[in-house]
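Here the sequence shown is numbered in my numbering, starting from 34 and rising by one per residue.
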Amino acid sequence: MMRFLAILDRKILRRLWQLRGQVVAIALVIACGVAVFVMMRGAVHTLDLTRNAYYERYRFADLFVPMTRAPNYLADQAALLDGVATAESRIHGSLLVDLPDGGLPGLSGTVLSVPVHSRPALNDLYLTSGRWPDPDRTDDAILLQGFALAHNLRPGDYLSVTMKGKRRDLHIVGLALSPEFVYPIPPGELVPDNSRFAVVWMGRKALENAYGLEGAFNELVVDLSWHANEDSVVTALDNLFADYGGQKTIRRKDQISNRFLSNEIDQLKLLSRIVPLIFLAVASFLLNVAIMRMVQAERVQIGLLKAVGYSNLNLLLHYLKTALGIVALGVFIGWFAGTWMGRGLAEMYADFFTFPLLIFKPGLFPYVTSALVSSLAGILGVLAALIRVVRLRPAEAMHPAPPTDYQRMNGSLTGMLSRGVDQPTRMILRHLGRWPLRAAIACLGIGLAMGIRVASQSSWDSIDHVMAVTYGHLTRQDLTVTFVDPQGSRILYELRTIPGVVAAEPYRVASTRIAHGAIERQEGIIGVMEYSDLSRLMNGREEIVQPPPDGIVLSDALANDLNAKPGDLLTVSITEGKRVTATLPVTSVSTAYFGAPAFMELSALDRLMEEGPRVSGAYLAVDRGRRDEIVDKLADMPTVATVTIQQAARNSLQEQMDEFLGTMTFFNTVFASLIAIGVVYNSIRVTLAERGREIASLRVLGFTKGEVSYILLGEVALLAFAALPLGAAIGYGLAWFIMTSLSSDLFTMPTVISVVTYGIGALTITIAVILSGAWAIRAIGTLDLIAVLKTRE
34 MMRFLAILDR KILRRLWQLR GQVVAIALVI ACGVAVFVMM RGAVHTLDLT
84 RNAYYERYRF ADLFVPMTRA PNYLADQAAL LDGVATAESR IHGSLLVDLP
134 DGGLPGLSGT VLSVPVHSRP ALNDLYLTSG RWPDPDRTDD AILLQGFALA
184 HNLRPGDYLS VTMKGKRRDL HIVGLALSPE FVYPIPPGEL VPDNSRFAVV
234 WMGRKALENA YGLEGAFNEL VVDLSWHANE DSVVTALDNL FADYGGQKTI
284 RRKDQISNRF LSNEIDQLKL LSRIVPLIFL AVASFLLNVA IMRMVQAERV
334 QIGLLKAVGY SNLNLLLHYL KTALGIVALG VFIGWFAGTW MGRGLAEMYA
384 DFFTFPLLIF KPGLFPYVTS ALVSSLAGIL GVLAALIRVV RLRPAEAMHP
434 APPTDYQRMN GSLTGMLSRG VDQPTRMILR HLGRWPLRAA IACLGIGLAM
484 GIRVASQSSW DSIDHVMAVT YGHLTRQDLT VTFVDPQGSR ILYELRTIPG
534 VVAAEPYRVA STRIAHGAIE RQEGIIGVME YSDLSRLMNG REEIVQPPPD
584 GIVLSDALAN DLNAKPGDLL TVSITEGKRV TATLPVTSVS TAYFGAPAFM
634 ELSALDRLME EGPRVSGAYL AVDRGRRDEI VDKLADMPTV ATVTIQQAAR
684 NSLQEQMDEF LGTMTFFNTV FASLIAIGVV YNSIRVTLAE RGREIASLRV
734 LGFTKGEVSY ILLGEVALLA FAALPLGAAI GYGLAWFIMT SLSSDLFTMP
784 TVISVVTYGI GALTITIAVI LSGAWAIRAI GTLDLIAVLK TRE
C-alpha cells in the first residue's frame, strides 16, 4: 500500500505509527465524545420515532375529559364541536388487586371500558396474546402485559379485584399494551413498577354495572382535526361538561405517561448538545499539543521541504491530514462504541417504557454530525500549529530552534518559587513556566475529567437526599388512602377504628388554575392539616412550614414557574364543584421534589370551595405487623379507590434509580478515566520527547532512574494536584447543570455532593496519573541514551 501513496502521505502513516500510544490516547478521548453523542441522539431518534409511530397507529387521543357522570348523548354533542374529529366516551375507574402469588395486598390499579362490539376508536390496544372480551360475559378482562408477566399471569387465569368495595374474580382473556400506558406508574409515584400497578380493560356493560353508570360515562377521549384550535376546543368541552362534574381537560402533553416520555426525550436532547463538547474540547487541546510538538520537532524537515519546492498548502494539508487521521480513528471507535451503548440504553428504556417494539435506530444524523463536529474540533486544535508551519522560512527552519532563555523567568512567579529548592524541583518549575498556557490547559483537562466523575457520582447523592427528605421528613405515613369521591369527615372515624391504625390525618385535593399576572398553570391544591405529623411542609432551610389559615403555600417548582414569591397575590380558580375564583397571597415556598403542587390549610380550602368539611383521602400510620390486614380491610370499603404502601413505593424508586444510575455511573467513570489518562499520558509523552536529551544527559552524569523519574513525573503530579480543586468546582458546576436540566414540573432534583464523591473523583485522577506514570518510568528505563544524545535537539 505504501508504494501507491504520495511521499508525504507515507510520512503520515509512519509518524502515526511511531506515536501510536499518543494517537490512541487522543483518539479515545474523541471516541468518548462521539460515543456519548451517538448514544444520546440515537436514543432520542429511537424514542421519538417509536413514540410517533405507536401513537399514530393506535390512535392516541389528543384530549382527555374526566367528569363525574354525563349522559351518553353528550358524547354525540361533543363530537359535533368545531375542531373535533373523533370523540369516544368510556368508563374509567380505580380498583384494588389481590394477588394470587401472595405478594403485597391491595395493589392499586385502573380499569377502562372497551366497546362491546368493536375496537376502540381511540387509544386502541395492541393485543399481545389472547382475545377480546366476550360481549355476553361480564367477567372477561384484558390485562396490561407488564403486570401479568410480573406475576406470571396468562390468559385463562383469574384475578381477584375490588371495585367500589365489591370483590370480583376477573377472567383474564388477553394481554395487551396501550399507547396510554407507555409509562405505567402507580398513582402519585415517579417510576413505573409493573409488579405494583395493574391496568385492566373490560366490556362497557360490565363497568356500567360495577360503577353505577348505566346510560352514562365519566370520561371522554377526543381526537382533534388538523385545523383545530386546541384552546378553543378545550374551552368548549369544559363548558359542555361543567354541570356534570367536569374537571379540567387534560391535553396530550399533560397526560402523565406522555409527559414522562416527552420529558426524557427533551433531557436527552439537551445533554447530547453539552456533554460531548467537553470531550471534544479536551481532544482539541491534546491535538494542539501533539501537532505543535510534531511541527517543532520537524522544523528542519519543513525547511528542507519548502526549499525543494513544496508549497505552504502542501505542508498545511500534510499536518491537517495527520490531525484528521487521529480524528478519524476516534470517530470510528466512537461510532461502534456509541452504537453498542445505544443498544444497551434502548434495553434499559424498554424496562421503563412499554412499546410493542423498541429497537435502537439512530439514523444517519448522529454519525454525520459527530464526524463533522469532531473534524471541526480537530481543525481548531491544530490551527496554531498550521500557522507556525506557514510562518517558518526555509533558511530559518533548517537550523535547530534556539534554546530557551530561562534568564527572563528570574523575575516571574515561577522564577521566585524556584529559589531555595533543590535542582530537580527547580527544573520542574522552570519547565512549567516555559509553557504556562499549555500547563494551564493540561490542568483544565485533568479538572474536566475529575468534574465528569464527580458530576456522575453526585446523582447518587441527590437521589439519597431526595429519598431521605421525602420519606424521612415530609411523607412519614405508612399508607396513603384515596377515596372514589370526596367524603365527609365521618370517614376518618371509620379509619381510626380499624384495628392497627395508629393515626389518620385527612387531606383534600382540588383541581385549580393558578395565575400570577399573565402566567397561568393548572395544578392541584392540596389541603393539609395544620401541625400535621404524617405529611409536613418544609422550606429550603429544612424548617417545618405550617399552612396559613388565609393564604397559599407554593412548592418551589411552582413558584419558579409562576415567578411568584412570598407576598405576591395569585388568582386561584377552582375547576370543579362550584368553580369559585379568589385572590390569595403567597405566604411561603416549600420544598417538594415530586410534582409542583400548592398547599392550603384544610379548612381554608373547604371555605374557598364553599363546601363543608370534605376529604379526598387520608394518611395512615399503622402497626407494621398488621399492615396487610389493614389493607385488606380498606379494600373492602366501597369508598376507597387506592391504597399506596409507602415503603413499597420507596423501595421501587430506590431499585429503579440504582439500576439506571449504576449503568450511567459506570459509563461516566470509564469516560472520565479515559480523559484523565489521555491528558496525563499526552503530557508525559510530550515532556519526554522535549526533554529526552536532558534526561539522557542526567542519566549519563549519574542521576538514578528514580531521580530522573521525579523530574518527569513531578511536573504531571503538580498539575494533577492543582487540578483537584478545579475539578471539584467543575464537578459541582456540571452537577448543577445536569440536575437543573433533569428537573421539571414532574420532579425536582437538588444539587447535593458529598465529601465521598469528591474523594472518588480525586481517586480516579490519582489512579490515572499512577498508570500513566508507570508507563513513563518504563519508557525512561528503556531510553537509548546514545541515540538521544546524538539528536540535533
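We put the beta carbon where it would ideally sit given N, CA and C, even for glycine.
By the neighbour-count definition (other C-beta atoms within 10 Å, threshold 16), Asp167 is an exposed residue.
With fewer than 16 other CB atoms across the displayed protein chains lying within 10 angstroms of its CB, Glu692 is exposed. Using a Cβ-Cβ distance cut-off of 8 Å, the region 264 to 283 and the region 191 to 209 are not in contact, since fewer than three pairs of beta carbons, one from each stretch, lie closer than that value.
Contact between Ala654 and Gln510 holds, since their C-beta atoms are separated by about 6 Å, short of 8 Å.
Per DSSP, reduced to three states, the secondary structure at Met571 is strand.
DSSP links Met72 through a beta bridge to no other residue. For Val664, there is no enclosing beta strand (DSSP E); the enclosing alpha helix (DSSP H) has its first and last residue at 660 to 668. Every unbroken stretch of the beta strand (DSSP E) spanning 3 or more residues and falling wholly within the region 136 to 168 is given here in chain order: 140 to 147, 159 to 163. If you look at Leu41, you'll find it in the alpha helix (DSSP H) that goes 40 to 51. Scanning its chain for C-beta atoms nearer than 6 Å, with the 5 sequence neighbours on each side dropped, one finds around Ala795 the residues Leu757, in chain order. It is roughly 14 Å from the alpha-carbon of Leu177 to the alpha-carbon of Phe385. According to the DSSP assignment, Leu128 belongs to the beta strand (DSSP E) that extends over 125 to 131.
Setting aside the 5 residues that flank it on each side, Ala58 is surrounded in the same chain by Ile710, Gly711, Tyr714, Asn715, each with a C-beta closer than 7 Å to its C-beta; the list follows chain order.
For Ser568 against Leu481, the beta-carbon gap comes to about 43 Å, at or over 8 Å, which does not count as contact.
Contact between Tyr504 and Arg683 holds, with the beta-carbon distance rounding to 5 Å and staying under 8 Å.
Around Ala548, the same chain offers Thr604 as residues with beta carbons nearer than 6 Å, after the five sequence neighbours per side are excluded. DSSP places Lys199 in the strand class (E or B) of the three-state scheme.
Ranked by how close their Cα comes to the Cα of Val144, the residues Gly396, Leu80, Val130, Arg657 have Val130 in first place.
Leu528 is a Cβ neighbour of Ala651, given a cutoff of 7 Å. Ranked by Cα distance from Ile485, the first of Leu570, Tyr540, Thr698 is Thr698. Per DSSP, the beta bridge partners of Phe627 are Phe780. Secondary structure at Phe704: helix, using DSSP grouped into helix, strand and coil. Beyond the five residues adjoining it in sequence on each side, Ala629 comes within less than 7 Å, by CB distance, of Glu556, Ser588, Ala590, Leu591, Asp594, Asp778 in the same chain, given in chain order. Annotation for Leu338: the continuous alpha helix (DSSP H) segment containing it runs 332 to 340.
Per DSSP, reduced to three states, the secondary structure at Leu357 is helical. Proximity of the region 82 to 102 to the region 250 to 258 meets the contact definition, three or more beta-carbon pairs being nearer than 8 Å. By the Cβ test, the region 58 to 69 is in contact with the region 317 to 328, since at least three Cβ pairs between them sit closer than 8 Å. In the three-state scheme derived from DSSP, where H, G and I count as helix and E and B as strand, Arg229 is classed as coil. Proximity to Asp583 across Ala488, Ser495, Pro783, Asp639 peaks at Asp639, based on C-alpha coordinates. With fewer than 16 other Cβ atoms inside 10 Å of its own Cβ, Ser344 counts as exposed. The alpha carbon of Arg47 has as its nearest neighbour, out of Ile800, Ala183, Lys354, Ile577, the alpha carbon of Lys354. Of all alpha-carbon atoms in Ser211, Ile218, Leu132, Phe230, the one lying nearest the alpha-carbon of Leu203 is that of Leu132.
No Cβ-Cβ contact shorter than 7 Å links Ile708 with Met633. Close CB contacts of Gln280 within its chain, under the 7 Å cut and outside five residues either way in sequence, are with Pro99, Met100, Ser544, Thr608, Glu609 (chain order). The three-state reading of DSSP puts Gln280 in coil, since its state is none of H, G, I, E or B.
With a contact defined as Cβ atoms closer than 8 Å, Val487 and Ala761 qualify at about 7 Å.
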